[in-house]
Amino acid sequence: MSQSDEQGLSTRCVHTGELSDAHGSPHTPIYNTTTFAFPSTAAILDVVEGRSAGSLYTRYGLNPTIQALEQKLASLEGAQSALAFASGMAAEAALFLTHGREGIVCIGDAYGGTLELIGQQLPLLGIPTHFLLGDELDRLEPLLADGARMVFFETPSNPTLEVFDIAAIASQVHAHGALLVVDNTFASPVNQQPLSLGADLVVHSATKYLGGH
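Sequential numbering of the sequence shown, starting at 138, is according to the numbering used here.
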């Protein structure tokens, strides 16, 4: 059992990912810098080439503040790892372009920017996309059989608060070797952990409940 498994949710919210600051700050400082100094070129190359962990370039996410956030998010969601992006839409775009090129099915209502990305932008790149209402789940099976390899939904959804059975949909999706992505923004990891119910990936808009709203 990992330390994260042994700790309660409140403890992980406060302590997971927190850095031991050299100047004694009890909280992780905001490292507002683009680059970091190294003692030698060899030390830089060790980080660049993955031989050692470290901070390198904030735009790449190799910044201790960002890494602390990612560790905390991964712990709260019960995930192996997490990636922080500049916006929720940046995260979704990266996700869909990386894993959704064979076809994406969006179930239920969703944030307007997400609907535009899936419905208008991705098809311009040749990515097949489909939309199902929450009461049209009987149409999911044919789309998966026809080659869709990613299913996405928000639960509860924005703005209608529609709730979906993650475990049931995950079972259907996985039977076709596809991925299930759940937007957990409205529930937050405090109320729902989609990975434990069968989801493969979880996304958040961190300016909402993760940010304290």
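Glycine residues also receive a C-beta, built at the ideal position from the N, C-alpha and C atoms.
Note that the structure is predicted; figures quoted are calculated from it, not measured.
Could I get the ranges of all uninterrupted alpha helix (DSSP H) runs contained in the stretch 145-176, with 4 residues as the minimum, in chain order? 146-152
Open item on the list: Just to confirm, is the Cβ distance from L281 to A315 under 8 Å?
Closed with: yes
Count the other C-beta atoms from every protein chain shown that fall within 10 angstroms of the C-beta of T266, then say buried if there are 16 or more, exposed otherwise. buried
query: Based on the DSSP output, what are the partners of E291 in its beta bridges?
result: D320
Consult DSSP for I203 and reduce its assignment to one of helix, strand or coil.
helix
**Item:** I371 versus G335 - alpha carbon distance
**Value:** No answer is possible for residue 371: the residues shown for the chain start at 138 and end at 350.
### Message
Could you tell me the alpha carbon to alpha carbon distance between S294 and V319, rounded to whole angstroms?
### Response
10 Å
Query - Beta-carbon gap between A312 and I241 smaller than 8 Å - result: no
How would you label T251, buried or exposed, when you count the other beta carbons within 10 angstroms and need 16 or more for buried?
-> buried
Could you name the residues of the same chain whose beta carbon sits closer than 6 Å to that of L317, not counting the 5 residues immediately before and after it, in chain order? V288, A307, V310, A336 and D337
- Spatial distance of G349 from S189 (CA atoms): 34 Å
request  = Counting only the same chain and skipping the five closest in sequence on each side, list residues whose C-beta sits under 6 Å from that of G225.
outcome  = S342
Where in the stretch 234-293 do unbroken runs of the alpha helix (DSSP H), each at least 4 residues long, occur, reported from the N-terminal end onward?
-> 249-253 and 277-282
Note down the Cα distance separating A324 from E273, rounded to an integer number of angstroms. 23 Å
Inset, instruction - Taking only the alpha-carbon atoms, compute the straight-line gap between P260 and Y197 and give it to the nearest angstrom. - result: 28 Å
Can you give me the C-alpha to C-alpha distance between A179 and D158, rounded to a whole angstrom? 25 Å
Quick one: Cα of A219 to Cα of Q208, how far? 7 Å
Note to self: Going by beta-carbon coordinates alone, are Q329 and G215 separated by less than 8 Å?
What the structure shows: no
Would you kindly work out how many angstroms separate the C-alpha atoms of Q144 and L262, rounded to a whole number? 44 Å
**Asked** According to DSSP, is L210 helix, strand or coil?
**Response** helix
(request) Identify, in the order they occur along the chain, each residue of the same chain with its Cβ nearer than 7 Å to the Cβ of T351, setting aside the five sequence neighbours on each side. (result) No answer is possible for residue 351: the residues shown for the chain start at 138 and end at 350.
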